[in-house]
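Residue numbers (the working numbering), protein chains in the order written: chain V, 1 to 302; chain D, 303 to 604.
2 protein chains.
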Amino acid sequence: MKVTALAGGVGGAKLLIGLDQLEADTTAIINTADDAEMYGVHVCPDIDICTYWLAGLADTERGWGLQDDSFEVIDALGKLGVEDWFRLGDRDFATCLRRTDLLASGETLTGATELIRRALGVQMALIPMSDDPVRTRIGTTDGRTLDFQEYFVKHRCEPGVAEVRFAGIADAKPAPGVIESIRSADLVVICPSNPVVSIGPILALPEIRETLIEHPRVAGVSPIIAGAALKGPAAEMLGAQGEEVSAAGVAKLYSDLLDVFVVDLADRDHTHAIEELGIDVRVTDTVMTDAAASLRLASSLL
Amino acid sequence: MKVTALAGGVGGAKLLIGLDQLEADTTAIINTADDAEMYGVHVCPDIDICTYWLAGLADTERGWGLQDDSFEVIDALGKLGVEDWFRLGDRDFATCLRRTDLLASGETLTGATELIRRALGVQMALIPMSDDPVRTRIGTTDGRTLDFQEYFVKHRCEPGVAEVRFAGIADAKPAPGVIESIRSADLVVICPSNPVVSIGPILALPEIRETLIEHPRVAGVSPIIAGAALKGPAAEMLGAQGEEVSAAGVAKLYSDLLDVFVVDLADRDHTHAIEELGIDVRVTDTVMTDAAASLRLASSLL
């Protein structure tokens, strides 16, 4: 069975490690709109989170970076007068240095991602959503425009969100293999990642949404449980976009694509509202507290 | 009193920390021909050795890098399949990342060097010999051409040296301030650095040799003691160039520039041969075993 999953950061990574334990041939298409150039290296937070989780190297407690990583480089950069709020670990730096060097020598982001995930022993195919630069910019309620990592890490999601833009999206193409992997998949899974800034950019790329609309089996998992996100600013962002902050609100965003939506037990009373959008609903425990829970949720999707 | 010193790596750094302890306004002009692009960062071994020694941060035992540095990044790069023979430490990586980022944003190497030495608390003015790329290439006796760091670090100076070239030297200009600092100096010091690959590239830049010839007070310190270098491949390289491997042989290389040459006690019998070149000779203990010895040698120069 071929599965293609659309994923962002931790929520995506957790479902991917479930899918990785199954007898399925899974390809993950990963958001790159929160990529950033930091300290001269090309940082791909979502690709790296997924890679590290699948490699068994992630700091799963903290939700970012590598287990037992040290912070010598970033601390030394701080002493050299560099703003050090983006706490990239030393081994995480190595990943980014390797990627940056590969890109500088003419490799695509797809090629670099492939080389790195193989070197770290990841079996699953990981494809960045695009080899072209797309960057999420947050327009704040006090009139500033922040890069996503500034908003997310430096300002800890504190500024009010007025607008979310994906700079470069009009000129970006899906990476090689993205459209094909969706077309040839027996099942497409939209992971429980932030619908605005993780899944949103992937869906905003040309052809992807159309390809998903045509696909007969697209299943999503709600990232919103009982009106809140488990992690990250998904709730605030949905609210800022004038969307309902609920499983049904997310289902509405995906209503043209979804064939089935998996919501948490806490949201069983949303079933009717979602079914009214023409989407089948499955109710289950969607909180992935460990690898076993990831496996259970992934199995229920298949 | 204004002093301008021409310096390479450890031998240069040791004399600079002596000069730094004196009541002199010293500017160091530092070799950049052994710079390299490694792992996507711009490495300046000689600039960094001098900076770290002057900042009191150098690993003076090992002779390169920072005291108590860790090697997480380079080890992780190795696991990602990268050749890891150039053992850049984590905090050393930070220096190189900072430099690379500054260069990418349009800063010159002179500007980047200035920012980094100030951030690390170094008082002495440090100027790279040139902002333009010059790269030492070693032609080996078995017909290979190696970058200097390949020859020096990867192959541990083992290949026979047939030829030493400075790629880019014809198009390189002395960095801003280099010529002026030589002209305005009361004393120019040629540090006991490798005459072929450390001092050689500086002297090969246009205008520098002429400016030194015109200068009335140029003093050198012999890097060769009793027919051998304290450290590094200076002896092999002099031999490969058909030069005499001795204090007198080095004096001959500098004979058009030098007003006085300081040789070690072990080489007192070279005095006459050097004086015949029209160079005054001072005989003293030139082995800088610690900061006090560096200070003694620097004082004797002044």
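Backbone N, C-alpha and C define an ideal beta-carbon position, used for all residues, glycine too.
Straight-line CA distance for residue i to residue j?
{"i": "Leu-66(V)", "j": "Asp-336(D)", "result": "34 Å"}
{"i": "Val-82(V)", "j": "Arg-98(V)", "result": "21 Å"}
{"i": "Thr-32(V)", "j": "Ser-130(V)", "result": "7 Å"}
{"i": "Val-343(D)", "j": "Thr-402(D)", "result": "6 Å"}
{"i": "Leu-390(D)", "j": "Ala-338(D)", "result": "12 Å"}
{"i": "Thr-328(D)", "j": "Leu-422(D)", "result": "17 Å"}
{"i": "His-574(D)", "j": "Lys-381(D)", "result": "57 Å"}
{"i": "His-572(D)", "j": "Gly-580(D)", "result": "13 Å"}
{"i": "Tyr-302(D)", "j": "Glu-409(D)", "result": "The shown model of chain D, from 303 to 604, leaves out residue 302(D), and the question about it has no answer."}
{"i": "Lys-173(V)", "j": "Glu-150(V)", "result": "25 Å"}
{"i": "Thr-141(V)", "j": "Pro-201(V)", "result": "21 Å"}
{"i": "Gly-358(D)", "j": "Arg-519(D)", "result": "29 Å"}
{"i": "Gly-143(V)", "j": "Val-10(V)", "result": "29 Å"}
{"i": "Gly-177(V)", "j": "Met-124(V)", "result": "14 Å"}
{"i": "Arg-420(D)", "j": "Leu-405(D)", "result": "17 Å"}
{"i": "Ile-332(D)", "j": "Pro-497(D)", "result": "13 Å"}
{"i": "Gly-441(D)", "j": "Gln-543(D)", "result": "12 Å"}
{"i": "His-517(D)", "j": "Ser-602(D)", "result": "20 Å"}
{"i": "Glu-276(V)", "j": "Asp-171(V)", "result": "35 Å"}
{"i": "Glu-180(V)", "j": "Asp-256(V)", "result": "20 Å"}
{"i": "Lys-2(V)", "j": "Gly-111(V)", "result": "22 Å"}
I'd like to check one pair, residue j with residue i: are the Cβ atoms closer than 8 Å?
{"i": "Leu-604(D)", "j": "Ala-326(D)", "result": "yes"}
{"i": "Ile-147(V)", "j": "Arg-137(V)", "result": "Reading off the sequence shown, one finds Asp at residue 147(V), where the question assumed Ile. Cβ distance < 8 Å, so Asp-147(V) and Arg-137(V) count as in contact."}
{"i": "Pro-133(V)", "j": "Thr-113(V)", "result": "no"}
{"i": "Asp-259(V)", "j": "Ala-228(V)", "result": "no"}
{"i": "Leu-54(V)", "j": "Asp-92(V)", "result": "no"}
{"i": "Leu-126(V)", "j": "Ala-28(V)", "result": "yes"}
{"i": "Gly-284(V)", "j": "Leu-265(V)", "result": "As written in the sequence, residue 284(V) is Thr, which differs from the Gly given in the question. The answer is yes: Cβ separation under 8 Å."}
{"i": "Ser-524(D)", "j": "Thr-588(D)", "result": "yes"}
{"i": "Leu-77(V)", "j": "Asp-84(V)", "result": "yes"}
{"i": "Leu-22(V)", "j": "Ala-298(V)", "result": "yes"}
{"i": "Val-164(V)", "j": "Val-188(V)", "result": "no"}
{"i": "Asp-569(D)", "j": "Ile-501(D)", "result": "no"}
{"i": "Ala-185(V)", "j": "Thr-4(V)", "result": "yes"}
{"i": "Ile-213(V)", "j": "Ala-247(V)", "result": "no"}
{"i": "Val-122(V)", "j": "Thr-60(V)", "result": "no"}
{"i": "Val-375(D)", "j": "Asp-90(V)", "result": "yes"}
{"i": "Thr-447(D)", "j": "Ile-418(D)", "result": "no"}
{"i": "Ala-506(D)", "j": "Ile-484(D)", "result": "no"}
{"i": "Phe-303(V)", "j": "Val-153(V)", "result": "No statement about residue 303(V) is possible, as the shown extent of chain V runs from 1 to 302 and does not include it."}
{"i": "Gly-320(D)", "j": "Lys-533(D)", "result": "no"}
{"i": "Ala-309(D)", "j": "Cys-493(D)", "result": "yes"}
{"i": "Val-565(D)", "j": "Val-547(D)", "result": "no"}
{"i": "Arg-437(D)", "j": "Ala-477(D)", "result": "no"}
{"i": "Ser-372(D)", "j": "Ser-70(V)", "result": "yes"}
Mind checking who residue i pairs with in its DSSP beta bridge?
{"i": "Leu-103(V)", "result": "The partner list for Leu-103(V) (beta bridge, DSSP) is empty, contrary to what the question assumes."}
{"i": "Ala-125(V)", "result": "Thr-27(V)"}
{"i": "Glu-158(V)", "result": "Answer is none; Glu-158(V) lacks a bridge partner."}
{"i": "Met-340(D)", "result": "Val-343(D)"}
{"i": "Ile-306(V)", "result": "Residue coverage of chain V in this structure runs from 1 to 302, which leaves residue 306(V) outside it and unanswerable."}
{"i": "Ala-58(V)", "result": "Leu-66(V)"}
{"i": "Gly-139(V)", "result": "Thr-145(V), Glu-163(V)"}
{"i": "Thr-306(D)", "result": "Thr-329(D), Val-490(D)"}
{"i": "Ser-300(V)", "result": "According to DSSP, Ser-300(V) bridges with nothing at all."}
{"i": "Arg-584(D)", "result": "Val-564(D)"}
{"i": "Ser-432(D)", "result": "Pro-476(D)"}
inquiry  = Is it the case that the region 459-470 of chain D contacts the region 341-352 of chain D, given that we only count it when at least three CB pairs across the two stretches are under 8 Å?
reply    = The region 341-352 of chain D vs the region 459-470 of chain D: no contact.
Beta strand (DSSP E) segments (min. 3 residues) lying fully within the region 465-546 of chain D = Those beta strand (DSSP E) runs which fall completely within the region 465-546 of chain D and span 3+ residues are 489-492, 520-523.
ask   = Are three or more beta carbon pairs between the region 309-316 of chain D and the region 251-264 of chain V nearer than 8 Å?
value = No: the two stretches stay apart, fewer than three of their Cβ pairs being nearer than 8 Å.
inquiry  = Count Cβ pairs between the region 509-516 of chain D and the region 532-546 of chain D that sit closer than 8 Å; are there 3 or more?
reply    = When C-beta atoms of the region 509-516 of chain D are compared with those of the region 532-546 of chain D, fewer than three pairs fall below 8 Å, so the two segments do not count as touching.
ask   = Which whole runs of the beta strand (DSSP E) in the region 242-276 of chain V are 3 residues long or more, in chain order?
value = Entirely contained in the region 242-276 of chain V, the beta strand (DSSP E) runs reaching 3 residues are, in chain order, 260-264.
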